[in-house]
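Student: Per our numbering, residue -2 is the first one in the sequence shown, and the count goes up by one each step.
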Amino acid sequence: MEKLIGEVVEIIYEDKAGKITQRRIKVHGHKAGLLRTTCFTTGGPRVFRVERILAWRRDKVSHAG
-2 MEKLIGEVVE IIYEDKAGKI TQRRIKVHGH KAGLLRTTCF TTGGPRVFRV ERILAWRRDK
58 VSHAG
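1. Does the Cβ of residue 32 have 16 or more other Cβ atoms within 10 Å, making it buried, or fewer, making it exposed?
2. Pull up the distance between the alpha-carbon of residue 44 and that of residue 28, whole angstroms please.
3. Mind checking which residues open and close the beta strand (DSSP E) that includes residue 15?
4. So, with DSSP's three-state summary, where would you put residue 28?
5. Helix, strand or coil: which one does DSSP assign to residue 57?
As structure tokens, then:
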């Protein structure tokens, strides 16, 4: 996950209640299994548990040349 710091990625995330959501985030840091981000879905800072991320991919828009 360290290689994603500064990147915008899309994730599929399962919260503790079992709800699955798709989110677009910018990664700021990774420590102790937690991913510190800005979530574009909620418009603010957010922390995600790495083990609850079901899938991820780099955002295509953030790599447009």
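Quick reminder that beta carbons are idealized off the backbone N, C-alpha and C, glycines included.
Nothing here was measured: the structure is a model prediction, and the numbers come from that model.
Tutor: Answer, in terms of the structure:
1. Walking along the sequence shown from the start, residue 32 turns up at place 35. Per the 10 Å Cβ criterion, buried.
2. As a working mapping, residue 44 is identified with position 47 in the sequence shown. As a working mapping, residue 28 is identified with position 31 in the sequence shown. Each residue's alpha carbon lies about 10 angstroms from the other.
3. If you number the sequence shown from 1, residue 15 lands on position 18. For residue 15, no beta strand (DSSP E) segment is defined, and its DSSP state is neither H nor E.
4. The residue labelled residue 28 in the question sits at position 31 within the sequence shown. Here residue 28 sits in strand by DSSP.
5. Taking the first residue of the sequence shown as position 1, residue 57 is located at position 60. In the three-state reduction of the DSSP assignment, residue 57 falls in the coil class, being assigned neither a helical nor a strand state.
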